[in-house]
Every structure is written in C-alpha cells, then in structure tokens.
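**Q** Questions regarding the structure given below will be posed in turn.
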Amino acid sequence: MITRAQGSPKFSSPFWQGLRDFLPFVVALFPFSVIVGAAMNAASFTQVQAVVFSLLAFTGTGQIVAVQMVGDGALPVLAVLSTMIVNSRLALYSASFEPVIRASPTRLKWLCAYLLTDQPYTMTMSRGVHRPAPVMYYLGTGTGLWFTYQGGTILGYLVGVRLPAAWNLDFAVPLSFISLLVPLLRHRTQVATALTSGIAAVLLASLPFHLNIVLAACFGMLVGWNVERFSTRGEGGE
Amino acid sequence: MTNWWIILAVSVTTFLTRAGFILLSRRPLPEAIKFALTLVPVAVLSAFVTPDLLLKGEQAGMLNPRSIAGLVAAGVAWRTRNVLLTLVVGMGLLALLTAF
Numbered sequence: 042m043i044t045r046a047q048g049s050p051k052f053s054s055p056f057w058q059g060l061r062d063f064l065p066f067v068v069a070l071f072p073f074s075v076i077v078g079a080a081m082n083a084a085s086f087t088q089v090q091a092v093v094f095s096l097l098a099f100t101g102t103g104q105i106v107a108v109q110m111v112g113d114g115a116l117p118v119l120a121v122l123s124t125m126i127v128n129s130r131l132a133l134y135s136a137s138f139e140p141v142i143r144a145s146p147t148r149l150k151w152l153c154a155y156l157l158t159d160q161p162y163t164m165t166m167s168r169g170v171h172r173p174a175p176v177m178y179y180l181g182t183g184t185g186l187w188f189t190y191q192g193g194t195i196l197g198y199l200v201g202v203r204l205p206a207a208w209n210l211d212f213a214v215p216l217s218f219i220s221l222l223v224p225l226l227r228h229r230t231q232v233a234t235a236l237t238s239g240i241a242a243v244l245l246a247s248l249p250f251h252l253n254i255v256l257a258a259c260f261g262m263l264v265g266w267n268v269e270r271f272s273t274r275g276e277g278g279e
Numbered sequence: 004m005t006n007w008w009i010i011l012a013v014s015v016t017t018f019l020t021r022a023g024f025i026l027l028s029r030r031p032l033p034e035a036i037k038f039a040l041t042l043v044p045v046a047v048l049s050a051f052v053t054p055d056l057l058l059k060g061e062q063a064g065m066l067n068p069r070s071i072a073g074l075v076a077a078g079v080a081w082r083t084r085n086v087l088l089t090l091v092v093g094m095g096l097l098a099l100l101t102a103f
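Have a look at this one:
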C-alpha cells in the first residue's frame with residue numbers, strides 16, 4: 042500500500058509529507074476547534090458528551106450549528122437537518138474523491154470517509170491525484186487535522202468562556218480557505234467557477250441553514266463546465 | 004438525553020454524507036460530471052470565503068476590514084504559496100484595521 046521511494050528516509054513518505062504540509066493549518070484550525078469546544082460548553086453539553094461528539098461526528102461547522110440551535114431551543118430534528126444541509130458539501134467532496142480511493146481496501150475507505158474534511162480533501166486534490174500515494178498523503182493531512190481538532194475542542198470546552206470577539210479568531214478559517222483557493226485559480230475555467238460561486242453565495246446569503254454554500258458551488262461548477270467546453274472547442278479540443 | 008440523540012443523529016448523518024459516494028459508487032461517472040467534480044474545491048472554497056469577506060462584521064460592503072485583509076492575504080498566497088505567511092498577514096492586517 043505504501044509506495045515509498047526505495048532507500049528514502051521514513052519521514053519523507055507521502056503520509057509524513059501530508060502531515061508536514063498540514064502543520065501551518067494548525068494555526069487556523071486550532072482556534073476554530075477551541076471555539077467549537079466553547080460552544081458545546083455554552084450549550085450545556087457535558088464533558089463526556091463534548092468529547093464523544095467530536096470523536097464521532099468530527100465536523101466543526103456541523104457541531105457548531107447543532108449546538109447553537111439546541112442552545113437556542115430549536116427542535117432537535119431541525120438542528121440535525123441544519124447540520125445535514127451545512128455538510129452537504131461533503132457529499133460533493135465524496136463524489137470527487139471516490140476515483141482517488143477506488144482501488145483501496147474497504148476498511149481504508151471507511152477511515153478516509155470519516156476523515157473527509159475541507160482542508161485534507163482540498164490539499165490532496167490540489168497536490169495532484171496522479172502523484173504517488175495520494176491516499177497516504179490524504180491520511181497524513183487528515184491525521185494532522187484530527188489531532189488538532191480533538192485537542193482544540195477539549196481545550197475549548199475546559200476553558201469554556203467565550204473568546205473575545207475583538208480577536209477575530211474566526212477569520213483564521215476563511216484565511217486558510219483563501220490560501221487553499223488562490224493556488225487553484227490557474228485557468229479561466231477555475232477563475233470563472235470561483236467568481237460565479239462567490240457572487241452567487243453572496244446573493245443567496247439570506248437563505249437559511251447556509252444553503253447558499255452548496256447552491257452557489259453547484260452554480261459555479263455549471264458555469265465553469267460551460268467555460269471549459271467552449272474554450273476547449275475554440276482551441277480544437279484538448 | 005436529548006443531547007445524546009443529537010450527537011448520534013449528527014454523527015450518523017455526517018458519516019453517511021461523507022461515505023455515500025466513496026462506499027457505494029460502482030459504475031464510473033459520465034465525463035461531464037467527472038469534470039464538474041474537479042471544480043468542487045474551487046467552487047466550495049469561494050462560496051465559503053466570499054460572503055465571509057463581504058457580509059460579515061459591522062462595516063459590511065465591498066471595502067471593509069475583512070475584505071481588505073482577505074484581498075491582501077490572497078495576494079500573499081498568490082506570490083508566496085506560503086500558508087503560514089498568508090494567515091499571519093491576514094490576521095495581523097485585520098487586527099490593525101479594526102484597532103482604529
């Protein structure tokens with residue numbers, strides 16, 4: 042399974058490379074995880090519940106949405122439904138990641154599915170899935186995120202207090218997305234996709250449950266696909 | 004008790020969302036869909052980021068502390084491809100802009 046260049050030191054394997062590449066993202070995701078932990082505390086989840094929630098669900102945005110809605114006294118069914126809509130982008134990830142993982146054993150597929158999150162997924166896709174051992178690279182990034190998240194949510198739960206809003210810690214996550222997005226904007230297809238999706242997400246921002254994200258993304262993909270179709274036709278195909 | 008049910012339900016539905024295509028997919032997808040799916044990272048990231056830059060905070064609009072800090076950070080990301088530097092510049096600039 043591990044395709045490692047012969048004689049290369051252990052720590053240069055794709056797994057370690059993924060883990061190393063993830064390290065800068067700790068700066069963005071640790072504070073975010075702390076915020077998730079604090080939110081669970083504020084919504085009167087017990088310490089055991091908070092730990093189990095992070096271990097089983099492993100979804101920062103999903104957990105924040107769920108506990109905030111429960112804390113606000115929403116119907117539990119609605120809280121679960123909202124997290125499903127917020128997390129619907131994970132289905133898009135799942136569909137586009139499937140070819141990468143098709144040849145892997147089923148047990149590994151379960152692990153990869155559990156770890157499917159924004160940064161590890163995007164990092165693996167933009168690294169190029171034809172480079173050696175994308176699955177091991179993905180597991181490396183996923184491991185980095187997993188430890189960051191579990192540690193951060195526990196700390197956030199224990200510290201408990203709401204972090205001062207003036208610190209703008211929540212801005213770290215969009216910044217980490219920017220650092221992932223910018224290198225992908227190499228061709229007009231990608232630029233058109235990003236512009237469409239971004240504008241659509243702003244225009245649809247008043248929709249409930251963050252529905253704008255997945256709708257805008259689909260709209261952006263549709264425009265990008267058309268741009269690609271017409272530009273390759275103009276250049277006589279690729 | 005309600006909390007436990009929510010934990011269970013959110014965990015199961017989240018896992019199914021993640022695993023659906025990975026575990027169930029049997030036949031290869033049509034080429035058009037396959038290509039569209041390569042655009043998923045760009046599309047989702049932009050859908051997340053853009054409203055966050057333009058609509059959040061007290062001074063929402065085209066030019067506000069978040070959008071300026073985000074644009075400069077994007078420039079840093081473009082020039083250096085350095086994640087840590089992008090984060091530091093973005094957070095630092097936002098702190099500066101909101102301090103005054």
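Going line by line, the protein sequences match chains A and B. Note that this note's numbering has the first sequence beginning at 42, numbered continuously upward. Note that this note's numbering has the second sequence beginning at 4, numbered continuously upward. We treat Cβ as the ideally placed atom computed from N, Cα and C, and that holds for glycine. All values reported here derive from a predicted model rather than from experimental measurement.
(1) Terminal residues of the continuous alpha helix (DSSP H) containing residue 234 of chain A?
(2) Is the beta carbon of residue 48 of chain B closer than 7 angstroms to that of residue 99 of chain A?
(3) Is the CB of residue 95 of chain B under 7 angstroms away from at least one CB in chain A?
(4) Determine the direct distance from the alpha carbon of residue 4 of chain B to that of residue 237 of chain A, and round the result to whole angstroms.
(5) Is there a Cβ of chain B sitting closer than 7 angstroms to that of residue 326 of chain A, yes or no?
(6) In chain order, which continuous runs of the alpha helix (DSSP H) of length 4 or greater are located wholly inside the region 16 to 48 of chain B?
(7) Verify whether the separation of the beta carbon atoms of residue 63 of chain A and residue 182 of chain A is less than 7 angstroms.
(8) So, helix, strand or coil for residue 146 of chain A, using DSSP?
(9) Taking DSSP as the reference, what is the three-state secondary structure of residue 84 of chain B?
(10) Taking CB distances under 7 angstroms as the criterion, tell me whether residue 195 of chain A reaches chain B.
(11) Determine the chain B residues that contact residue 273 of chain A at a beta-carbon separation under 8 angstroms, and present them in chain order.
(12) For residue 51 of chain A, does the three-state DSSP call read helix, strand or coil?
(13) Please list, in chain order, all residues of the same chain as residue 193 of chain A whose beta carbon is under 8 angstroms from its beta carbon, the five residues on each side excluded.
(14) If you compare alpha carbons, which of A:150, A:138 and A:108 is closest to residue 165 of chain A?
**A** Checking against the coordinates, here is how it stands:
(1) Indexing the first sequence from 1 puts residue 234 of chain A at position 193. Counting along the chain, the alpha helix (DSSP H) containing residue 234 of chain A begins and ends at 229 to 244.
(2) Along the first sequence, one-based indexing puts residue 99 of chain A at 58. Along the second sequence, one-based indexing puts residue 48 of chain B at 45. Contact: no.
(3) Residue numbering aside, residue 95 of chain B sits at position 92 when the second sequence is read from its first letter. With 7 angstroms as the cut-off, residue 95 of chain B does not count as an interface residue toward chain A.
(4) Within the first sequence, the letter at position 196 stands for residue 237 of chain A. Within the second sequence, the letter at position 1 stands for residue 4 of chain B. The alpha-carbon atoms of residue 237 of chain A and residue 4 of chain B are separated by roughly 44 angstroms.
(5) Since the first residue shown for chain A is 42 and the last is 279, residue 326 of chain A is missing from the structure and cannot be characterised.
(6) For the region 16 to 48 of chain B, whole alpha helix (DSSP H) runs of length 4 or above, ordered along the chain, are 34 to 41.
(7) Here the question's residue 63 of chain A lines up with position 22 in the first sequence. Here the question's residue 182 of chain A lines up with position 141 in the first sequence. Against a cut-off of 7 angstroms, the Cβ pair of residue 182 of chain A and residue 63 of chain A comes out as a contact.
(8) Taking the first sequence and counting its residues from 1, the one referred to as residue 146 of chain A is at position 105. The answer is coil: DSSP assigns residue 146 of chain A none of H, G, I, E or B.
(9) Taking the second sequence and counting its residues from 1, one reaches residue 84 of chain B at position 81. Reduced to three states, the DSSP call for residue 84 of chain B is coil.
(10) Reading the first sequence from its first residue, position 154 is the one you call residue 195 of chain A. It does not; no Cβ of chain B falls within 7 angstroms.
(11) The residue you call residue 273 of chain A lines up with position 232 of the first sequence. Among the residues of chain B, none has a CB under 8 angstroms from the CB of residue 273 of chain A; the nearest is roughly 10 angstroms distant.
(12) Taking the first sequence and counting its residues from 1, one reaches residue 51 of chain A at position 10. Looking at residue 51 of chain A - three-state DSSP - the assignment turns out to be helix.
(13) Reading the first sequence from its first residue, position 152 is the one you call residue 193 of chain A. Contacts found: 70, 71, 72, 73, 74, 75, 77 and 78.
(14) Taking the first residue of the first sequence as 1, we reach residue 165 of chain A at position 124. Minimum Cα distance to residue 165 of chain A is reached at A:138.
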